[in-house]
Amino acid sequence: MWRKVALIIVALIAVTFSTAQTYGGYSLYQNYRFGYYLRYPNYLDITSQSGNGDGVAMHSYDKSISISVGAMFNLFNDSTYNLMSENVSSYRSKGYSITYSYINDDYIVLSGYTPSGKIYYLKEVVCTIYSPGYEEYVEIIASAYMECSLKDKSKGDDIIKQFKYFPFKP
């Protein structure tokens, strides 16, 4: 009896943290805690959710494509310029190449190759967004990261097109 109750509670908690709706080959993930959205291809499965409800990881069946999304409060009022500097330094120190970068007042983008030769794409956004979990607007830094093998570049390009809406509802 208690086991059934515990399973029901765990299922309710998982549903509370996020929702996914399907639209013509894509699903729409909404993070309940921070209120951000990501549209992603249906062939990716959500494989893990963070313990505190700030994000998820997903990948293709063969793990050649992976996405992770998350958010945190912008407690220190970081600007996109701070984010760019920190990310460039961190990625280079880990052996990542940077072949493309973009920055404006709202978001940054970094792209290139991982040390293992995969393509990566990072988008980080500084924004104020409505949080269903907190029932108010919150200032956050939202991150979306994608890695794919070279053979899946065209699929990766399609995913990157969906990142243009992130973290807002498309």
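Position 69 of the sequence shown, counted from 1, bears residue number 70 in my numbering, the numbering being contiguous throughout. The C-beta atom is built at its ideal place from N, Cα and C for all residues, glycine as well.
{"query": "Any idea which residues DSSP pairs Trp86 with across the strands?", "result": "In the sequence under discussion, the amino acid at residue 86 is Ser, which differs from the Trp named in the question. Ser86 pairs with nothing; no bridge assigned."}
{"query": "Does DSSP put Ser91 in a helix, in a strand, or in coil?", "result": "helix"}
{"query": "Quick check: what's the CA-CA separation for Ala7 versus Ala72?", "result": "Caution is warranted here: a pLDDT of 37 is assigned to Ala7, below 50, making its placement in the model unreliable, and the coordinate value is therefore given only provisionally. Each residue's alpha carbon lies about 28 Å from the other."}
{"query": "Can you check whether the CB of Val110 is closer than 8 Å to the CB of Tyr101?", "result": "yes"}
{"query": "Take Gln1 as the anchor and find which of Glu140, Ile66, Pro116 and Pro133 has the nearest alpha-carbon.", "result": "Nothing about residue 1 can be reported from this structure: the residues present for the chain run from 2 to 171 only."}
{"query": "Determine the closest residue to Ser112 out of Tyr62, Glu148, Ser49 and Asp153, with distance taken between C-alpha atoms.", "result": "Glu148"}
{"query": "Whole angstroms is fine: what's the gap from Phe77's alpha carbon to Ser117's?", "result": "33 Å"}
{"query": "Can you give the beta carbon distance from Tyr121 to Tyr138, rounded, assuming they're within the 8 Å contact cut?", "result": "Wrong, their Cβ atoms sit about 31 Å apart, outside the cutoff."}
{"query": "Around the Cβ of Arg40, are there at least 16 other Cβ atoms within 10 angstroms (buried) or fewer (exposed)?", "result": "buried"}
{"query": "Between the Cα of Gly36 and those of Ile47, Val70 and Ser61, spot the shortest distance and give me the residue it belongs to.", "result": "Val70"}
{"query": "If you follow the beta strand (DSSP E) that Asp46 is part of, which residue opens it and which one closes it?", "result": "Asp46 to Gln50"}
{"query": "How would you call Pro171, buried or exposed, if buried means at least 16 neighbouring beta carbons within 10 angstroms?", "result": "exposed"}
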